[in-house]
Amino acid sequence: MKDIVLGIGDLGVASTAGTTIKTYALGSCVAIIFLDPKTRCAGMAHIALPDSSINPEMRRKRIGYFADSAIPALLEAMVRNGTHPTAKGMIIKLVGGASIMDNNQTFNIGKRNLLAIKKILWTRGMGALAEDTGENFSRTVAVPVDTGEVIISCPGRGQWKI
Amino acid sequence: MKKMTAPPPLTRLVQRAPMLSYSASNLLQVMTTASHELEDVIRLVKHDSILTAQVLRVVNSPVFAPLQPITTIERAVLYLGEKIIVGIAVADSAVKLLHTRLEGYEAKQGDLWRHDLFTAIASREVIRYAKNEIDAGVAFTGGLLHDIGKAIISDCLAGTSREVLYRIEQGVVSDYITAEQELLGYDHAVAGSELAVHWGLPEALQAVVRYHHQPELAPKEYRGLVYAVHLGDIIAMMWGQDTGSDGMQYQLDTRYTAYFEISPEQLAMIMLTAQDAFEEINQDFLPSKEAK
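Respectively, the protein sequence lines represent chains A and B.
The first sequence runs contiguously to residue 162 in the numbering used here.
The second sequence runs contiguously to residue 1292 in the numbering used here.
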């Protein structure tokens, strides 16, 4: 059994049996999860912000930080692991993107992250099959490669799957 | 949710908490005096051999990587800056409390420390966007200490997380701190401020600890500072640096706009800058670190 633990802005792909990809305490960040049933490969990125134009240097340093750089990079990593370049048949799931109430909209980063991710997926003809997103609590997510299950947990709320 | 049958009196919890070291307490006092000089900080560090050793260890670590090894406190303080020196002193002194595993919040060991450190850094970043001048050192130190009350009331909250969250979801209580009040008759902000008084911390820091979830109620002279830590706290939780079941279960006081002008893009920059600083500083503040 091996765990690949992703920090903020990290992305990872695995196809080895017994491996689990995990990321902790998403807050307003979003985990995008790619699952390829043909290659039995799983990939995940811990996306923190919608748009890399605010800090191109950080984009170079950690490509998974931003929705617009993380999604193409994760897809490329999946293709390197055998996924067809069109990503046909690939399952996509989204977790996270919690928000804190702010009438000024400034602090609604979770919503902006989700919108940016869905827009990027849409422009590529892709979409999420399932999601556990929004609301006001932070989620931890684990994806065992063997089952492709997306297991979510949160202190005080237990554990569930999508 | 009923008040617990017999929650321990707050005074007993406060008296049971470890004392802040003499050096940390004095450094905090000095930092909040507008007229203080770097020499005051140097003098206090030099009088504490354990703190001296820790400061020299941190300054010569790969994170700060001086070109030549630094062997004197004078150079170390100049190199690191007084905010980091105070952080080292507080962290060393309150290590036991800040590193407590918050069972009542279902948090892991180290979560409180990471949350406090991230809040401290984010609070310091937030004041770059303040409409009026706010002391960066006090904001940083206030961020480090704002949740100290959780460490002393956590055990009393053991086993309550699920019910508290249910009641917030149902709208019975507005946030986690109100639920703490209902359960215990006091909350982590009140408990923390009692401890701050017990430790003899400066008034500005007492105000931060007491009002970080209700900044509008802070004394007027400290209100901008308290709002800075309020925002730093919210940013830390949004960034996933929370303390367990209470993560994001507090209200953002949107009246912060009276004190700060922050656009969504600037907020994103605050988060990125804070994360960068956090990754650097977290390595060296505590001997037993557990980086996220």
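Here a beta-carbon is modelled for each residue, glycine too, at the ideal position from N, C-alpha and C.
query = Which runs of the alpha helix (DSSP H) fall wholly inside the stretch 1119-1154 of chain B and span at least 4 residues, in chain order?
reply = 1136-1145 and 1148-1153
key: Status (buried if at least 16 other CB within 10 Å, exposed otherwise) for residue 995/B   = Outside the modelled stretch of chain B, which goes from 1001 to 1292, sits residue 995/B, for which no answer is possible.
query = From what residue to what residue does the alpha helix (DSSP H) around residue 1040/B run?
reply = 1038-1046
request  = Give a yes or no on whether 7 Å exceeds the smallest Cβ distance from residue 1262/B to chain A.
outcome  = yes
message = For residue 1269/B, tell me which candidate among 1131/B, 1122/B, 1013/B and 1097/B has the shortest Cα-Cα distance.
response = 1122/B
task = For residue 199/A, go through chain B and note every residue whose CB falls closer than 9 Å to its CB, in chain order.
result = With chain A covering only 1 through 162, there is no way to say anything about residue 199/A.
task = Would you list the one or two residues that DSSP bridges to residue 977/B?
result = Not covered by the structure: residue 977/B. The range shown for chain B is 1001 to 1292.
request  = Pull up the CB-CB distance for residue 1100/B and residue 1154/B, whole angstroms please, since I reckon it's below 8 Å.
outcome  = 7 Å
ask   = Where does residue 156/A land, buried or exposed, given buried means 16+ other C-beta within 10 angstroms?
value = buried
task = Report the three-state DSSP secondary structure of residue 1113/B (helix, strand or coil).
result = helix
request  = Below 6 Å CB to CB, which residues in the same chain sit around residue 169/A once its five sequence neighbours on both sides are set aside?
outcome  = There is simply no residue 169/A to check, as chain A begins at 1 and stops at 162 in what is shown.
ask   = When you compare each of 1206/B, 1202/B and 1200/B to residue 1188/B by their alpha carbons, which one comes out closest?
value = 1206/B
query = To the nearest angstrom, how far is it from the Cα of residue 64/A to the Cα of residue 1008/B?
reply = 47 Å
Exposure label - residue 1172/B; buried when at least 16 CB within 10 Å = exposed
key: C-beta contact flag for residue 1051/B and residue 1045/B at 7 Å   = yes
inquiry  = So, under 8 Å CB-CB, residue 30/A and residue 114/A are touching, yes? Tell me the CB distance rounded to an integer number of Å.
reply    = 6 Å
Within chain B, partners of residue 58/A - CB distance below 7 Å = 1272
inquiry  = Among 1042/B, 1183/B, 1219/B and 1151/B, whose alpha-carbon lies nearest the alpha-carbon of residue 1102/B?
reply    = 1151/B
Cross-chain neighbours of residue 1105/B in chain A, by beta carbon under 9 Å = 155 and 156
query = Beta-carbon separation of residue 41/A and residue 104/A under 7 Å?
reply = no
query = Can you tell me whether residue 1067/B is buried or exposed, with buried defined as 16 or more other CB within 10 angstroms of its CB?
reply = exposed
ask   = For the stretch 119-146 of chain A, which residues have a beta carbon sitting closer than 8 Å to at least one beta carbon of chain B?
value = 136, 137 and 138
task = Express the C-alpha separation of residue 1243/B and residue 1179/B in angstroms, rounding to a whole number.
result = 16 Å
key: Range covered by the beta strand (DSSP E) that runs through residue 1233/B   = Not the beta strand (DSSP E): residue 1233/B falls in the alpha helix (DSSP H), residues 1223-1238.
ask   = DSSP puts residue 1156/B in a beta bridge; with which residues?
value = Residue 1156/B is not bridged to any residue.
task = Can you grab the Cα-Cα spacing for the pair residue 100/A / residue 1238/B, in whole Å?
result = 8 Å
message = Once DSSP output is grouped into helix, strand and coil, what is the label at residue 12/A?
response = strand
ask   = Can you give the Cα-Cα distance for residue 1012/B and residue 1251/B, rounded to whole angstroms?
value = 29 Å
ask   = So, is the C-beta of residue 43/A closer than 7 Å to a C-beta in chain B?
value = no
ask   = Taking Cβ positions, are residue 1192/B and residue 1209/B nearer each other than 7 Å?
value = yes
message = Can you tell me whether residue 27/A is helix, strand or coil according to DSSP?
response = coil
task = Please classify residue 93/A: is it buried, with 16 or more other beta-carbons within 10 angstroms of its beta-carbon, or exposed?
result = buried
inquiry  = Would residue 1236/B and residue 1071/B be called neighbours here (beta carbons separated by less than 7 Å)?
reply    = no
task = May I ask you to list the residues that DSSP assigns as paired with residue 43/A?
result = 13/A and 34/A
query = Three or more C-beta pairs closer than 8 Å, one from the stretch 8-21 of chain A and one from the stretch 42-49 of chain A: is that the case here?
reply = yes
inquiry  = Please tell me whether residue 1019/B has its Cβ less than 7 Å away from any Cβ of chain A.
reply    = no
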